[in-house]
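The listed protein sequences correspond, in order, to chains A and B. Final position of the first sequence in our numbering is 1289; the numbers increase by one with none missing. Final position of the second sequence in our numbering is 1289; the numbers increase by one with none missing. Don't be surprised by glycine CBs; every beta carbon is placed ideally from N, CA and C. Below is one structure, written out as structure tokens, with a few remarks after it.
Number of protein chains: 2
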Amino acid sequence: MKVDLDQLCVNTIRTLAIDAVQKANSGHPGMPMGMADAAYVLWTRYLKHNPADPAWANRDRFVLSAGHGSMLLYSLLYLTGYELPLEELKRFRQWGSMTPGHPEYGEAPGVETTTGPLGQGFANGVGLALAERLLAAEFNRPGLEIVDHYTYAIVSDGDLMEGISHEAASLAGHLGLGKLIYLYDDNGITIEGSTDLAYSEDVAERFAAYGWHVQAVDGHDRDAIDVALAQAQVARDRPSLIMCRTHIGYGSPNKQDTAAAHGEPLGEEEVRRTKEALGWPPDAEFLVPDEALAHFRAALDRGNEAQSAWEALFGHYAAECPDLAAEWQRRLAGELPAGWQSFLPAFEPGSAAVATRAAGGKVLEALAPVVPELVGGSADLHPSTKTFLKSYKDIQAGAYGGRNLHFGVREHAMGGLMNGLALHGGLRPYGGTFLVFSDYMRPSIRLAALMGLPVVYVFTHDSIFVGEDGPTHQPVEQAASLRAIPNLAAIRPADARETAGAWAVALARSEGPTALLLSRQRLPVLAETDPEAVGRGGYVLAGDDDPQVILMATGSEVAVALEARDVLAGQGIAARVVSMPSWELFEAQPRKYREQVLPPAVTARLAVEAGVALGWDRYVGAAGATLTHDRFGASAPYKVLAEEFGFTAGAVAERARTLLE
Amino acid sequence: MKVDLDQLCVNTIRTLAIDAVQKANSGHPGMPMGMADAAYVLWTRYLKHNPADPAWANRDRFVLSAGHGSMLLYSLLYLTGYELPLEELKRFRQWGSMTPGHPEYGEAPGVETTTGPLGQGFANGVGLALAERLLAAEFNRPGLEIVDHYTYAIVSDGDLMEGISHEAASLAGHLGLGKLIYLYDDNGITIEGSTDLAYSEDVAERFAAYGWHVQAVDGHDRDAIDVALAQAQVARDRPSLIMCRTHIGYGSPNKQDTAAAHGEPLGEEEVRRTKEALGWPPDAEFLVPDEALAHFRAALDRGNEAQSAWEALFGHYAAECPDLAAEWQRRLAGELPAGWQSFLPAFEPGSAAVATRAAGGKVLEALAPVVPELVGGSADLHPSTKTFLKSYKDIQAGAYGGRNLHFGVREHAMGGLMNGLALHGGLRPYGGTFLVFSDYMRPSIRLAALMGLPVVYVFTHDSIFVGEDGPTHQPVEQAASLRAIPNLAAIRPADARETAGAWAVALARSEGPTALLLSRQRLPVLAETDPEAVGRGGYVLAGDDDPQVILMATGSEVAVALEARDVLAGQGIAARVVSMPSWELFEAQPRKYREQVLPPAVTARLAVEAGVALGWDRYVGAAGATLTHDRFGASAPYKVLAEEFGFTAGAVAERARTLLE
């Protein structure tokens, strides 16, 4: 079979995927084989990138939302000249390789986001495209458009079945993100078999309903794909979906168009037959024809040219707008503006009681002018979460100069978009909802933690003290389940002062996400709390050096513990009160410090928290106890709930006293 | 203003909602005011129900997916004659009342499901409608259609923005659920303001794309609503969406059509003005005109007639098909068939190693013929989760006689549908996905636990030992975060034998959901494990009465702990091995039993689990330690991961030995 250069290149992608999966004896060959044509056209004719500098700020972003097809991406990265040697493709899915089973942000250059959990990449792409528009509105000047790139993704049936894709697609249409272009691998096959088993919606009509520009092409007709991409670029007022009708496992005589091609190696015999069918030497492994490599590697020259042109443009920009240029560079470097901490509001001890959600809102309002990279919103709850910046405008289609996003009742998309906004660079996203609804966005929170993205979740209404809305709206297990996520700092501040400290920690944190757990109800502003100590996760609030009992608490229960200490003092019992806003941060302290706060000799310890006990045993020990809430809540005014469920100073003191008996 | 009887009734609904919210000084008046017309037409002209017997099996199901409008439902329940006295409406949102802030299953008769978390009720309704079709296919006989009812819901903008509504709507269209009829409260207002802020999709086109029958009406034109409901009933091949254009807070001179009407009391003055505008005595509170009440209460006679007619039909049915009738009664009573336990497969100790997911599949296959109420599937992963019943057919549109559901890549809808299937009665649903993706369906799991629904989650690929797929697919915090949910029994069996025991517990459990955490990798079938002991949550596997150290473990780490015991024995150290498949079940045991398993005197304790340590401190104590995995995983063959991350008998023994030093 005679093959032209394009075909040779496409088959190089295919056979690299086939070989890597076969060698690993694990992985997904079908998708790379099916989408090789479309990806080839995109990567060699449209994608603006420089393999020599994966961090070039104005590159197009490419997201492989169907992350199981990771070998497609690894092949393209290697072939176009990223620092990903062929040797690493041979170590696909092995310990310590740069080529894990699904693309992982930070493991190989050019991987823009971690994908695999379906639908997440779809939403990340919307965040990336939105970031481009926000930064363009802020930084571009006439004739000096330093922010100007597309965001592309390859999405699968699975991505489009997941609810997050609906939420994110609806938002992308609403926001008119015209530079967002998705190639949909419409291959008709899922793990259980034909997509007909579970998926018969009219995808084109659905995306048209969201306000997208929709095209359908033969996913193996490279010219048609080329034309469709050009058309998608022209449609600047709407995001684009290009439905590529493909054959999964393209070229495999026995497995093409079957679920068997999806998630397992073809098998040695079928690998040979497939290579024969593709006109490939059947015994060659990891074969990269010189002409193909040369053709792919032209990306280096093209990328270099493009980046040089952009750098020249940026030179003019820096000459014309030196302040903006400096700000751009600061923002892209992820450095906070000097002295930002001084703008944190100070809350006077003893001043009027204030809910920590309201205090959080004040902190955000105070920081917003100084930290312009802060951008965010809530999942249709800003009057409750206090996350609306009153001095700034909304962000809407065609009006990207605002600071306030309206995510709608779409927590999951909010989480996925926040990840995309953070991944782009130049922005520090925050997003608010009720703590109980953190469950709706948990898969995105996990990915933020896995990627180490410094996003900030504003989770208000943080306990049963939500009150009348009842158990569906009262978190009880959410604090514990957020504490379970590695690399997520969950902080539940005791009052307004600790809230300021918590925001300071969240902003200073560059290595992972932070969740702020804030109260609905008003809380006293305490003299004992220390904003600076929040960063240590736990500290002594009150009590002498030689206590008989330690009371530890978080959030709204801290004030109750302080009151209980007075009650105990009246009974001649010396109690220490420890505020424990963040276990994660406390665990990161040296053992010596932790033992100063919780002296091992004091074994009478009571933890007070209006949530499940899970995990508190680490701090209270076998001789201690927990005054927690280990069932669902109830609908009633919150003060009634405090009485009924025993979160009062009297009940706390009584429980502490019994510990000493 | 002269008002006719219909108008009087509708305004009775409105003013009850207004008054209850005002009296509670908390709640959502706007939705009941806006949807009163549509709800009135549905409840008085279409809904087949008997307020005197809320448990009548063949009643139409009504779901208030927009649960924040709970006063609409409470008003209707009281007015039509359910055992919900007016006094309880006056105690709206108060401690111990039958009228919590959001409708809660079990708190008031006629509440078919707990709603409030948006989108959940939408998915529950799809499950209810599917249950009707499944049971109809199984039990109906020509001329003896004992299962024949509609499922209605009121859904809101918020419901339709949530991703779960997309997943469930797509599935409902795919499954051709023609007896599902949803009224959409299209009021143009959300909490943050106009829906235009975030929501501009073409909802009619979107639902048409899913294969729904879509109509749009003036939501205050009762005749139009009447006609639309009739049309929706005629469209038997497709689910129906009736878009009701309404005015939120209808009748309020100053708050109608504003976000202010949504989530707070109107205020005393506005209450008066609204009543005046509605032609209502402005000072009357909780006024129920006699004519209105009489008209609503006709539901009792109608319901009695309908139920009597059905009971007569069932009498014929029982005469014609006595076995089926007996089976129907057993199923509706929620009783398992006698002797079902004897069909649990026995796995021989020492037989070939088998993954617990595969063992779970064998258990399911063995139970399916004996327990015909078992119905389920997976989120497009059945070849991996082993949840496909090979002897039974698929469930598809128009072919409801199968047992296998294909949920598609829609974990969240799966969770919501499972709740609906369980709520209907007559079925015991199960659903499978990878444990890491339990995060995608967590809000539905929480509601199953809150409602006490006996659904079974089959969560396979339960640890880093997923292997090559890498950290995105490797759960580390999921076991802990499931353990955090009250009333959910999470069980991680050690081998095939414990897997049989775990399924036995799950099926016998009637008061809440069960999550089975099953391995991808093969595990030895152990002589020491005891299927019967799984119900106690933890038990002694091996070791003498006076051990120096206790090794405790779950799932795949149990075999490692047993091996480690041999290593320690070789060093002269006596170790006890405890299997802890379920903390929830263990905590439910008497203290005496727990202390037999974990004698307080033995403080050298090591917990071994390939997941985060959170919560293990309760069992290992201050002198103990955890050999856990407190970070994300890595992509590599699982045996390599076991070595690299220290989950080997040698590493466990070494760690245990150091505890004794």
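Next item on the list: Name, please, each residue of chain B whose Cβ falls closer than 8 Å to the Cβ of A:Q635.
Entry: Within the first sequence, the letter at position 7 stands for residue 635 of chain A. Going along chain B, no residue has its Cβ under 8 Å from A:Q635, so there is no contact; the nearest lies around 31 Å.
Notebook entry, point to check: Between the beta-carbon of B:V754 and the beta-carbon of B:A800, is there less than 9 Å?
Noted result: Sequence index remark: in the second sequence, residue 754 of chain B carries index 126 (1-based). Sequence index remark: in the second sequence, residue 800 of chain B carries index 172 (1-based). Against a cut-off of 9 Å, the Cβ pair of B:A800 and B:V754 comes out as a contact.
Next item on the list: Using beta-carbon positions only, say whether B:A920 and B:T708 come within less than 9 Å of one another.
Entry: Your numbering for residue 920 of chain B matches position 292 in the second sequence. Your numbering for residue 708 of chain B matches position 80 in the second sequence. No. Outside cutoff.
Notebook entry, point to check: From A:Q969 to B:A1108, what distance separates their C-alpha atoms?
Noted result: Here residue 969 of chain A is taken as the residue at index 341 of the first sequence, counted from 1. Here residue 1108 of chain B is taken as the residue at index 480 of the second sequence, counted from 1. The straight-line gap from Cα to Cα measures roughly 36 Å.
Checklist line | Pairwise C-alpha distance: A:L1226 and B:L746 | finding: Position 118 of the second sequence holds residue 746 of chain B. Position 598 of the first sequence holds residue 1226 of chain A. Looking at the two C-alpha atoms, the distance is approximately 42 Å.
Note to self: Relative to the C-alpha of B:T741, which candidate in B:L1078, B:V775, B:I1201 and B:A954 has its C-alpha closest?
What the structure shows: Looking up residue 741 of chain B in the second sequence gives position 113. The shortest Cα separation from B:T741 among B:L1078, B:V775, B:I1201 and B:A954 belongs to B:L1078.
Next item on the list: Run down chain A in chain order and give the residues with a C-beta less than 8 Å from the C-beta of B:M789.
Entry: Numbered from its first residue, the second sequence carries residue 789 of chain B at position 161. Simply E795, S798, D1008, G1036, V1037 and R1038.
Note to self: Let me check one thing: in DSSP terms, what residues is A:Q1024 bridge-paired to?
What the structure shows: If you number the first sequence from 1, residue 1024 of chain A lands on position 396. According to DSSP, A:Q1024 bridges with A:A1027.
Checklist line | Inter-residue Cα distance where the pair is B:R1137 and B:P1159 | finding: Against the second sequence, residue 1137 of chain B aligns to sequence position 509. Against the second sequence, residue 1159 of chain B aligns to sequence position 531. Cα to Cα, the separation comes out at about 15 Å.
Next item on the list: Please list the segments of the beta strand (DSSP E) lying wholly inside the region 902-955 of chain B, counting only runs of 3 or more residues, in order along the chain.
Entry: Counting only runs of 3+ residues, no beta strand (DSSP E) is found wholly inside the region 902-955 of chain B.
Checklist line | Endpoints, beta strand (DSSP E) assigned at A:V862 | finding: Within the first sequence, residue 862 of chain A is the residue found at index 234, counting from 1. Here A:V862 belongs to no beta strand (DSSP E); instead the alpha helix (DSSP H) covers R850 to V862.
Next item on the list: Name the one or two DSSP bridge partners that A:D632 has.
Entry: Position 4 of the first sequence, counted from the first residue, corresponds to residue 632 of chain A. Note: A:D632 sits in no beta bridge, so no partner.
Notebook entry, point to check: Can you tell me whether A:R1285 is buried or exposed, with buried defined as 16 or more other CB within 10 angstroms of its CB?
Noted result: The sequence position of residue 1285 of chain A within the first sequence is 657, counting from 1. It is buried - the Cβ of A:R1285 has at least 16 other Cβ atoms within 10 Å.
Item checked: Buried versus exposed, by CB contacts within 10 Å (16 or more), B:S936 -> In the second sequence, residue 936 of chain B corresponds to position 308, counting from 1. Under this definition B:S936 is an exposed residue.
Checklist line | Inter-residue CB distance, A:G1239 and A:T1254 (contact presumed, cutoff 8 Å) | finding: Walking along the first sequence from the start, residue 1239 of chain A turns up at place 611. Walking along the first sequence from the start, residue 1254 of chain A turns up at place 626. A:G1239 to A:T1254, Cβ: 10 Å. No contact.
Notebook entry, point to check: Closer than 9 Å, CB to CB, is A:D865 near chain B or not?
Noted result: Taking the first residue of the first sequence as 1, we reach residue 865 of chain A at position 237. No, its Cβ sits nowhere closer than 9 Å to a Cβ of chain B.
Next item on the list: Give the single residue among A:S1091, A:A1025 and A:R1164 whose Cα lies nearest to the Cα of A:G804.
Entry: Taking the first sequence and counting its residues from 1, the one referred to as residue 804 of chain A is at position 176. Cα-wise, what sits closest to A:G804 is A:A1025.
Next item on the list: Return no unless some Cβ of chain B is closer than 9 Å to the Cβ of A:A1277.
Entry: Here residue 1277 of chain A corresponds to residue number 649 of the first sequence, with the count starting at 1. No, A:A1277 lies away from the interface with chain B (no Cβ there is under 9 Å from its Cβ).
Check: Just curious, the alpha helix (DSSP H) that A:P1057 is in, first and last residue?
Finding: In the first sequence, the residue the question calls residue 1057 of chain A occupies position 429. Looking at the DSSP string, A:P1057 is not in any alpha helix (DSSP H); the run it does join, the beta strand (DSSP E), is R1056 to F1062.
Checklist line | Contiguous beta strand (DSSP E) assignments of at least 3 residues, all confined to the region 800-839 of chain A | finding: Counting only runs of 3 or more residues that sit fully inside the region 800-839 of chain A, the beta strand (DSSP E) segments are 808-814, in chain order.
Notebook entry, point to check: Does the beta-carbon of B:A645 have 16 or more other beta-carbons within 10 angstroms, so that it is buried, or is it exposed?
Noted result: Translated into positions along the second sequence, residue 645 of chain B becomes position 17. Result: buried.
Margin query: Closer than 8 Å between beta carbons: that is the criterion. Which residues of the region 1040-1070 of chain B meet it against chain A?
Written below: H1040, A1041, V1064, F1065, D1067, Y1068 and R1070
Check: Are B:P1000 and B:E948 close, meaning C-beta to C-beta below 9 Å?
Finding: Here residue 1000 of chain B corresponds to residue number 372 of the second sequence, with the count starting at 1. Here residue 948 of chain B corresponds to residue number 320 of the second sequence, with the count starting at 1. Pairing B:P1000 with B:E948 gives a Cβ-Cβ distance that is not under 9 Å.
Next item on the list: Could you tell me which residues DSSP pairs with A:R699 in its beta bridges?
Entry: Position 71 of the first sequence holds residue 699 of chain A. The sequence given here places Met at residue 699 of chain A; Arg does not occur at that position. Beta-bridge pairing links A:M699 to no other residue.
Margin query: Between A:L1116 and A:G988, how many whole angstroms is the CB-CB distance? I'm expecting something under 8 Å.
Written below: Residue numbering aside, residue 1116 of chain A sits at position 488 when the first sequence is read from its first letter. Residue numbering aside, residue 988 of chain A sits at position 360 when the first sequence is read from its first letter. No, A:L1116 and A:G988 are not in contact; Cβ-Cβ is about 18 Å, not under 8 Å.
Next item on the list: Name the two residues that bound the continuous alpha helix (DSSP H) containing A:Y668.
Entry: Taking the first sequence and counting its residues from 1, the one referred to as residue 668 of chain A is at position 40. Start and end: G658 to V669.
Notebook entry, point to check: In whole angstroms, what is the alpha-carbon distance linking B:G790 and B:F975?
Noted result: Reading the second sequence from its first residue, position 162 is the one you call residue 790 of chain B. Reading the second sequence from its first residue, position 347 is the one you call residue 975 of chain B. The question names Gly, but residue 790 of chain B is Glu in the sequence shown. Spanning the two alpha carbons is a distance of roughly 44 Å.
Margin query: For B:V775, tell me which candidate among B:A685, B:L705, B:L1269 and B:T1276 has the shortest Cα-Cα distance.
Written below: Taking the first residue of the second sequence as 1, we reach residue 775 of chain B at position 147. Closest by alpha carbon: B:A685.
Margin query: Please report the straight-line C-alpha distance between B:I819 and A:F1065, rounded to a whole angstrom.
Written below: The residue given as residue 819 of chain B occupies position 191 in the second sequence. The residue given as residue 1065 of chain A occupies position 437 in the first sequence. Approximately 16 Å, taken between the alpha carbons.
Item checked: When A:P973, A:P737 and A:A1187 are compared against A:I1205, the one with the closest alpha-carbon -> On the first sequence, residue 1205 of chain A is found 577 positions in, with the first residue counted as 1. It should be noted that the sequence gives Val, not Ile, for residue 1205 of chain A. The residue with the shortest Cα to Cα distance from A:V1205 is A:A1187.
Checklist line | Residue burial classification, B:P728 (beta-carbon count within 10 angstroms, cutoff 16) | finding: To locate residue 728 of chain B, count along the second sequence from 1; it is residue 100. Per the 10 Å Cβ criterion, buried.
Item checked: Short-range partners of chain B found in the region 1103-1117 of chain A, where Cβ spacing is below 7 Å -> V1104, E1105, A1108, S1109, R1111, A1112, I1113 and P1114
Margin query: Do B:Y812 and B:M871 have their beta-carbon atoms positioned less than 9 Å apart in this structure?
Written below: For the purposes of this step, residue 871 of chain B is taken as the residue at position 243 of the second sequence. For the purposes of this step, residue 812 of chain B is taken as the residue at position 184 of the second sequence. Yes, these two residues count as a Cβ contact at 9 Å.
Next item on the list: Could you tell me how far apart the beta carbons of A:Q1149 and A:A983 are, in whole angstroms, since I believe they sit closer than 8 Å?
Entry: Residue mapping note: residue 1149 of chain A aligns to position 521 of the first sequence, counting from 1. Residue mapping note: residue 983 of chain A aligns to position 355 of the first sequence, counting from 1. Confirmed, Cβ separation roughly 6 Å.
Check: Quick one: what's got a C-beta closer than 7 Å to B:E1039's C-beta in the same chain, skipping five residues either side?
Finding: Taking the second sequence and counting its residues from 1, one reaches residue 1039 of chain B at position 411. Cβ within range, chain order: A1007, T1061, F1065, Y1068 and M1069.
Checklist line | CB contact flag (B:E833, A:A836, <9 Å) | finding: Looking up residue 833 of chain B in the second sequence gives position 205. Looking up residue 836 of chain A in the first sequence gives position 208. Contact flag set, yes.
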